[in-house]
């Protein structure tokens with residue numbers, strides 16, 4: 002029963018996106034651990050255990066059951082494939098972040114609770130980037146202090 | 003602005019590069035990816051996708067995308083609140099800033115002015131991204147980069163399959179033209195789209211799930 006992979010669905014009623022599905026592994030009855038980094042969902046991160054209910058043959062996420070402690074930031078690049086953008090991503094991953102690329106512009110990044118540097122440096126770093134490279138960024142989920 | 007370098011990269015467990023899992027793509031996980039975890043080898047790997055029950059004799063190479071990056075995790079830290087001021091000044095691990103700094107960025111906690119300091123993603127930016135993404139595939143939905151690559155590959159491969167099928171069945175040289183609906187149905191019959199959007203009806207803005215390297 003455990004460790005079976007499935008996709009879980011988040012309904013996003015108040016935005017341009019109607020929903021988002023993420024891969025997850027089943028860890029209990031109605032409980033799944035998220036395996037993807039949300040591109041648009043707020044308040045959830047990779048590693049979080051969520052409670053789902055069956056809805057129209059899909060597992061609909063209804064609540065956060067156990068916080069992984071991971072945070073999420075999302076970065077909007079003018080083009081994430083440029084060398085300058087990849088340099089930025091390399092800097093962030095070198096201190097412990099992980100990311101998935103939603104598109105050529107949007108990148109979702111997991112920030113672990115045990116980041117190698119203070120998060121303030123990450124914020125300062127992103128804020129100081131050239132607007133021609135990073136057009137914006139946001140916090141999708143805050144870290145939980147261990 | 004060119005990206006700066008994090009401080010203290012040499013030696014010891016504090017060196018995050020020693021835990022760099024991306025050497026397999028030469029530290030270029032955006033271009034070199036292994037989404038399913040089944041590909042062995044560096045950078046872009048050509049994988050054989052065996053088209054199953056529909057036409058078992060067709061093998062189509064596909065360059066697959068998506069990625070996951072992992073690195074070091076060492077010192078506790080708290081991330082800022084979503085859409086609120088980042089609590090950067092409250093974090094005890096800010097004391098590390100003297101040891102680790104970013105070239106081109108103020109090392110002091112909260113020196114950036116808090117939150118995203120005017121760099122927050124705007125609604126227009128997000129909408130532009132959505133529109134651009136939808137334009138990258140024939141379905142009109144938002145797909146992650148990995149899925150877009152799969153869809154493109156499968157669209158192409160399926161047309162080849164359909165063409166061959168038409169040739170087999172009709173034994174003519176007519177070019178078969180199929181509706182989008184037919185293609186989707188045949189895709190599913192062929193079991194090709196494990197990653198595609200299967201959202202509720204009338205949900206055109208659905209985002210697909212993504213595969214990810216390293217997951218079992």
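Residue numbers (the working numbering), protein chains in the order written: chain A, 2 to 147; chain B, 3 to 218. By construction, the Cβ of each residue, glycine as well, lies at the ideal position given by its N, Cα and C atoms. Since we're looking at a predicted model, the values are computed, not measured.
Check the C-beta distance from residue i over to residue j and give it rounded, since I have them as a contact under 8 Å.
i	j	result
residue 47(A)	residue 111(A)	5 Å
residue 6(A)	residue 31(A)	With 8 Å as the limit, residue 6(A) and residue 31(A) do not qualify as a contact, their Cβ atoms being about 16 Å apart.
residue 127(A)	residue 76(A)	7 Å
residue 128(B)	residue 17(A)	7 Å
residue 79(A)	residue 134(A)	6 Å
Please check if any C-beta of chain A sits within less than 8 Å of the C-beta of residue i.
i	result
residue 137(B)	no
residue 195(B)	Here residue 195(B) scores only 30 on pLDDT, less than 50, and its place in the model is too uncertain to base an answer on.
residue 29(B)	Confidence is the limiting factor: at residue 29(B) the pLDDT is only 48, short of 50, which leaves the residue's position unreliable and the question unanswerable from this model.
residue 124(B)	yes
residue 111(B)	Residue placement at residue 111(B) cannot be trusted, given a pLDDT of 42 that sits under 50; the coordinates are not used to answer.
Any heavy atom of the ligand MN closer than 7 Å to the CB of residue i?
i	result
residue 38(A)	As far as ligands go, the structure on display features none, and thus does not contain the ligand MN.
When you compare only the Cα positions, how much space is there between residue i and residue j?
i	j	result
residue 109(A)	residue 73(A)	7 Å
residue 132(A)	residue 55(A)	43 Å
residue 89(B)	residue 124(A)	Interpretation of residue 89(B) is limited by its pLDDT of 38, a score under 50 that renders its predicted location unreliable; the figure taken from the coordinates is listed afterwards. Distance between the alpha carbons of residue 89(B) and residue 124(A): 11 Å.
residue 196(B)	residue 146(B)	Unreliable placement is indicated for residue 196(B), whose pLDDT of 31 sits below 50; no coordinate value is reported for it.
residue 187(B)	residue 49(A)	Bear in mind that the predicted position of residue 187(B) carries a pLDDT of just 46, short of 50, making it too unreliable to give a figure here.
residue 122(B)	residue 97(A)	22 Å
residue 37(A)	residue 126(B)	25 Å
residue 70(A)	residue 138(B)	34 Å
residue 85(A)	residue 58(A)	43 Å
residue 87(A)	residue 103(A)	14 Å
residue 83(A)	residue 40(A)	20 Å
residue 60(A)	residue 136(A)	34 Å
residue 27(A)	residue 119(A)	33 Å
residue 119(B)	residue 8(A)	35 Å
residue 124(B)	residue 142(A)	17 Å
residue 138(A)	residue 42(A)	14 Å
residue 29(A)	residue 144(B)	30 Å
residue 113(A)	residue 81(A)	22 Å
residue 92(A)	residue 121(A)	15 Å
residue 23(A)	residue 15(A)	19 Å
Taking the CB atoms as reference points, tell me whether residue i and residue j lie closer together than 8 Å.
i	j	result
residue 25(A)	residue 35(A)	yes
residue 63(A)	residue 10(A)	no
residue 68(A)	residue 130(A)	no
residue 106(A)	residue 133(B)	no
residue 45(A)	residue 65(A)	yes
residue 100(A)	residue 116(A)	no
Between residue i and chain B, is the shortest Cβ-Cβ distance under 8 Å, so that the two count as touching?
i	result
residue 104(A)	yes
residue 14(A)	no
residue 51(A)	no
residue 27(A)	no
residue 3(A)	Per-residue confidence for residue 3(A) stands at a pLDDT of 47, beneath the threshold of 50, marking its modelled position as unreliable; no derived number is given.
residue 127(A)	yes
residue 48(A)	no
residue 63(A)	no
residue 54(A)	no
residue 32(A)	no
residue 139(A)	yes
residue 107(A)	yes
State the start and end residues of the unbroken alpha helix (DSSP H) segment that holds residue i.
i	result
residue 89(A)	84–94
residue 136(B)	125–136
residue 122(A)	120–128
Check for me: the beta strand (DSSP E) holding residue i runs from which residue to which?
i	result
residue 64(A)	59–67
residue 99(A)	99–102
residue 72(A)	72–78
residue 52(A)	50–56
residue 6(A)	6–12
residue 33(A)	32–35
residue 47(A)	Run containing residue 47(A): none; DSSP gives neither H nor E here.
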